[in-house]
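Here's the structure, in structure tokens; my notes come after.
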Amino acid sequence: MFIGHFAIAFGAKKIAPKVSLVTLIFAAQFLDFLWPALIYLGIEHVRIIPGITVMNPLDFYDYPYSHSLFMALIYSFCFGGIYFAVRRSVKEAWVLAVCVFSHWVLDLVTHRPDLPLAPGVNMVFGLGLWNNVSASVLVEVALYIVGVMLYLQATRAKKWTGTVSFWSLAMVLALGWVVNIFGPPLPDPKVLGAFGVVMSVITIFWAWWIESTRETLV
Ligand SMILES: [Zn+2]
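Quick note: the sequence shown, position 135, residue 526 per my numbering, numbers continuous.
Following this line, the structure appears as structure tokens:
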């Protein structure tokens, strides 16, 4: 899943309006911020096998540190715990922990059985929605629209820049997703990893721009 993870971050703003969109995106995308870095460093591995799922040619055959159930639970617990230690809000800490864990759940729905139970444990999960193009598109687009709508209900632009900042990211993410599905074949894993790291950093700065140009309504 791709834009579905951002949908969770956008939507969570409605439940935890005091939490910055930067933190919400960092939480919902935490596993996918780790993954390209670990791929680039050669700690985790991916290969491209056209047709491995109808929607996505990536064979995630080795990513236990970024995408195992066990590690996802650890990251969720740590993310929520650190937030609580700093901000002392139980509710917001829970929202962030759920955001981090939601990534694994959404990946579970879309991936073929490739999500490991824990590092070193040879047991994998995945419901394989990516093998059904129309269902994949429907689920992801529906999630994204709901997430964007909730975010727009929870915030408003301070001036025109707030409209530009949010809609530009929303459109770029949607476009990136479309290009990913219908666009040219993916580059080799190292390049993919480097590209992923750069995109993660850009997204975080973009979220910071959005946060500074919009205000929450609650
Ligand atoms: Zn992922």
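Glycine is no exception: its CB is placed at the ideal position from the N, C-alpha and C atoms.
On a predicted model such as this, the values are computed, not experimentally measured, just so you know.
Taking only heavy atoms of ligand 1 into account, decide whether any of them is closer than 8 angstroms to the Cβ of MET540. Walking along the sequence shown from the start, residue 540 turns up at place 149. False, no ligand heavy atom lies under 8 angstroms from that Cβ.
Taking 9 angstroms as the cut-off, decide whether the C-beta atoms of SER480 and GLU602 are in contact. Locating residue 480 in the sequence shown gives position 89, counting from the first residue. Locating residue 602 in the sequence shown gives position 211, counting from the first residue. Their beta carbons are not under 9 angstroms apart, which means SER480 does not touch GLU602 by this criterion.
Using a Cβ-Cβ cutoff of less than 7 angstroms, which residues in the same chain neighbour ILE394 once the five nearest sequence positions on both sides are dropped? Counting from one through the sequence shown, the residue named residue 394 turns up at place 3. Excluding residues within five positions, the ones whose Cβ falls inside 7 angstroms are GLU531, TYR535, LEU564, ALA565, TRP568.
Return the first residue and the last residue of the beta strand (DSSP E) that VAL609 is part of. Translated into positions along the sequence shown, residue 609 becomes position 218. VAL609 -> no beta strand (DSSP E), and no H or E assigned at all.
Along the chain, where does the beta strand (DSSP E) that runs through ILE439 open and close? As a first step, residue 439 must be located in the sequence shown, where it is residue number 48. 436-439 is the extent of the beta strand (DSSP E) around ILE439.
Starting from the N-terminal side, write out each stretch of the alpha helix (DSSP H) that is 4 residues or longer and does not extend beyond the region 456-526. 460-478, 481-501
At what residue ranges does the region 558-590 contain a whole run of the beta strand (DSSP E), taking only runs of 3 or more? none
Does the separation of the CB atoms of TYR466 and VAL500 fall below 9 angstroms? On the sequence shown, residue 466 is found 75 positions in, with the first residue counted as 1. On the sequence shown, residue 500 is found 109 positions in, with the first residue counted as 1. Taking 9 angstroms as the Cβ cut-off, TYR466 and VAL500 do not qualify as a contacting pair.
THR546 in three-state terms, based on DSSP: Indexing the sequence shown from 1 puts residue 546 at position 155. Correct three-state label for THR546: strand.
State yes or no: is the C-beta of MET392 nearer than 8 angstroms to some heavy atom of ligand 1? Your numbering for residue 392 matches position 1 in the sequence shown. At least one heavy atom of ligand 1 is nearer than 8 angstroms to the Cβ of MET392, so yes.
Comparing the CB of ASP423 with every heavy atom of ligand 1, is any distance shorter than 8 angstroms? Mapped onto the sequence shown, residue 423 falls at position 32. Yes, Cβ of ASP423 sits closer than 8 angstroms to a heavy atom of ligand 1.
Let me check understanding here. Comparing Cα to Cα, which of VAL570, ASN522, SER459 lies closest to PHE516? To locate residue 516, count along the sequence shown from 1; it is residue 125. The option with the nearest alpha carbon to PHE516 is SER459.
Between ASP498 and ligand 1, is the CB less than 8 angstroms from at least one heavy atom? The residue labelled residue 498 in the question sits at position 107 within the sequence shown. Checking the Cβ of ASP498 against ligand 1 gives yes.
With distances taken Cα to Cα, identify the nearest neighbour of PHE397 among PRO408, LYS409, PHE421, ALA407. The residue given as residue 397 occupies position 6 in the sequence shown. Of the candidates PRO408, LYS409, PHE421, ALA407, the one whose C-alpha sits nearest the C-alpha of PHE397 is PHE421.
Report whether the distance from the Cβ of TRP426 to the nearest heavy atom of ligand 1 is below 8 angstroms. On the sequence shown, residue 426 is found 35 positions in, with the first residue counted as 1. Yes, the Cβ of TRP426 comes within 8 angstroms of a heavy atom of ligand 1.
Rounded to a whole number of angstroms, what is the C-alpha to C-alpha distance between MET392 and ASP450? Within the sequence shown, numbered from 1, the residue matching residue 392 stands at position 1. Within the sequence shown, numbered from 1, the residue matching residue 450 stands at position 59. Distance between the alpha carbons of MET392 and ASP450 is about 14 angstroms.
Per DSSP, which one or two residues make a beta bridge with ASP453? Sequence index remark: in the sequence shown, residue 453 carries index 62 (1-based). Its beta-bridge partners are HIS436.
Going by the CB atoms, is the gap between LEU543 and TRP597 shorter than 9 angstroms? Here the question's residue 597 lines up with position 206 in the sequence shown. Here the question's residue 543 lines up with position 152 in the sequence shown. Their beta carbons are not under 9 angstroms apart, which means TRP597 does not touch LEU543 by this criterion.
As assigned by DSSP and simplified to three states, the class of LYS405: As a working mapping, residue 405 is identified with position 14 in the sequence shown. It is helical.
Taking 9 angstroms as the cut-off, decide whether the C-beta atoms of LEU518 and HIS502 are in contact. In the sequence shown, residue 518 corresponds to position 127, counting from 1. In the sequence shown, residue 502 corresponds to position 111, counting from 1. A contact, by the Cβ cut-off of 9 angstroms.
Best match in THR444, ARG438, THR607 for proximity to LYS549 [C-alpha to C-alpha]: Taking the sequence shown and counting its residues from 1, one reaches residue 549 at position 158. Among THR444, ARG438, THR607, the Cα nearest to that of LYS549 belongs to THR607.
May I ask which residues mark the beginning and end of the alpha helix (DSSP H) holding PRO448? Here the question's residue 448 lines up with position 57 in the sequence shown. Element bounds for PRO448: n/a, residue is neither H nor E.
Count the other C-beta atoms from every protein chain shown that fall within 10 angstroms of the C-beta of TRP551, then say buried if there are 16 or more, exposed otherwise. The sequence position of residue 551 within the sequence shown is 160, counting from 1. With fewer than 16 Cβ atoms within 10 Å of its Cβ, TRP551 is classed as exposed.
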